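K.L.:
Throughout the sequence shown, residue numbering follows my numbering, covering 28 to 125 in sequence.
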Amino acid sequence: MSPQAGDVGLSGEVFVVLYTSTSLSYLDTDGNFVRWGGSLKNLQPAFERADLLSTESFEVFSGVVESGLYRIFMGYRVTEGEGGPIHFNAKAFRVTVD
Numbered sequence: 028m029s030p031q032a033g034d035v036g037l038s039g040e041v042f043v044v045l046y047t048s049t050s051l052s053y054l055d056t057d058g059n060f061v062r063w064g065g066s067l068k069n070l071q072p073a074f075e076r077a078d079l080l081s082t083e084s085f086e087v088f089s090g091v092v093e094s095g096l097y098r099i100f101m102g103y104r105v106t107e108g109e110g111g112p113i114h115f116n117a118k119a120f121r122v123t124v125d
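1) Name, in chain order, the residues that DSSP records as bridge partners for residue 96.
2) Would DSSP call residue 80 helix, strand or coil?
3) Would you report the Cα separation of residue 36 and residue 93, rounded to the nearest angstrom?
4) Let me know the secondary structure DSSP gives residue 67 once reduced to three states.
5) Identify the residues that DSSP records as bridge partners of residue 102: which are they?
6) Which whole-angstrom value describes the C-beta separation of residue 38 and residue 82, a residue pair presumed to lie in contact below a C-beta threshold of 8 Å?
7) By alpha-carbon positions, which one of 31, 42 and 91 ends up nearest to residue 65?
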């Protein structure tokens, strides 16, 4: 994930959304994927950062999964001041498991 240049150094929340052929879920702060209905009002952050870096890396899963196509979207929201909108990557990270 790469925050916008003007957001680097600000505090923020990081969101991880997983889309499969059968479900939509988000990563919670405990590292669990929670079913999600798609409303941004119900989306919870996975991580909080005191200072957003120009490039952020996160481990979002470790374990065994069923075969299929997994699409992962990552985004962030600045929490300083009045905060702001959630910025998500336009293209998903695609992982195919055979």
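All residues carry an ideal CB built from backbone N, CA and C; glycine is no exception.
On a predicted model such as this, the values are computed, not experimentally measured, just so you know.
P.N.:
Result, derived from the coordinates:
1) 123
2) coil
3) 38 Å
4) helix
5) 42 and 115
6) Between residue 82 and residue 38 the Cβ distance is about 17 Å, and since that is not below 8 Å, they are no contact.
7) 42
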